[in-house]
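Q:
Residue numbers (our numbering): 11 to 213.
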């Protein structure tokens, strides 16, 4: 058995593809330094692998929101943008929103929805039912004014964005259950930041 020890092997052709035939590679190979990969466009990750993560923050307080239906006028100001590698992957959206809610009497109720805007996709809300778990309420059986702060945390999974190579934008809209009894809601009060995390997951 012979052993060949060299510092480097370089192929003379421009494509830099080196073919080794009928070889059994054994032992441990150590790469010194901090190697990096500039382009992994041809690499296939295992299913469930997180391909990329984008974090967006917004800390400017909204004006007092009194919208009773979901629309752009109820936006809290944050936008998260991600460019998916493939249409077969999934985008996991995680949100943490500081809210200040007040009402003169009885209960307060509000809803939060994530709106998607993407080329080649059907734009719209990801969680499209106001009676699902994104609708939150606090009951107050008395007549005392109810003011409270809360950290609203939620997640949504986008499986239908249908675009790759171009950006997918996500915004957040709020709405209150009813505007009587002076119910209002403010996001990012006192400049507390909202955080949106977008993760592309291999499909």
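A virtual CB, placed ideally from N, CA and C, is assigned to each residue, including glycine.
For residue 198 and residue 17, I'd like the C-alpha separation in whole angstroms.
A: On the chain shown, residue 198 is found 188 positions in, with the first residue counted as 1. On the chain shown, residue 17 is found 7 positions in, with the first residue counted as 1. Straight-line Cα distance between these residues: approximately 58 Å.
Q: What are the start and end residues of the beta strand (DSSP E) that includes residue 56?
A: Taking the first residue of the chain shown as 1, we reach residue 56 at position 46. No beta strand (DSSP E) holds residue 56; DSSP gives it neither H nor E.
Q: For residue 82, does the three-state DSSP call read helix, strand or coil?
A: Counted from its first residue, the chain shown places residue 82 at position 72. Here residue 82 sits in helix by DSSP.
Q: Relative to the alpha-carbon of residue 65, which residue among 173, 106 and 56 has its alpha-carbon at the smallest distance?
A: The count along the chain shown starts at 1 and reaches residue 65 at position 55. That would be 106, whose Cα lies nearest to the Cα of residue 65.
Q: Mind checking residue 185: buried by the 16 CB within 10 Å criterion, or exposed?
A: In the chain shown, the residue the question calls residue 185 occupies position 175. Under this definition residue 185 is a buried residue.
Q: Since residue 122 is in the beta strand (DSSP E), which residue starts that stretch and which ends it?
A: Taking the chain shown and counting its residues from 1, the one referred to as residue 122 is at position 112. Residue 122 -> beta strand (DSSP E) spans 118–128.
Q: So, do the stretch 93–103 and the stretch 155–169 have three or more beta carbon pairs nearer to each other than 8 Å?
A: With the cut-off at 8 Å, the stretch 93–103 and the stretch 155–169 touch.
Q: What's the call for residue 68, buried or exposed, on a 16-neighbour Cβ count within 10 Å?
A: Residue mapping note: residue 68 aligns to position 58 of the chain shown, counting from 1. Residue 68 comes out buried.
Q: Output yes or no for whether 8 Å exceeds the beta carbon distance between residue 131 and residue 181.
A: By 1-based counting over the chain shown, the position of residue 131 is 121. By 1-based counting over the chain shown, the position of residue 181 is 171. No.
Q: Is the separation between the beta-carbon of residue 56 and that of residue 202 shorter than 8 Å?
A: Along the chain shown, read from residue 1 onward, the residue named residue 56 stands at position 46. Along the chain shown, read from residue 1 onward, the residue named residue 202 stands at position 192. Cβ atoms of residue 56 and residue 202: not closer than 8 Å.
Q: Tell me, to the nearest whole angstrom, how far the beta carbon of residue 113 is from that of residue 192; I am working on the premise that it is less than 8 Å.
A: Residue 113 sits at position 103 when you count from the first residue of the chain shown. Residue 192 sits at position 182 when you count from the first residue of the chain shown. Yes, they are in contact, since the Cβ atoms of residue 113 and residue 192 sit about 6 Å apart, within 8 Å.
Q: Helix, strand or coil, according to DSSP, for residue 15 in the structure here?
A: As a working mapping, residue 15 is identified with position 5 in the chain shown. DSSP places residue 15 in coil when its eight states are reduced to three.
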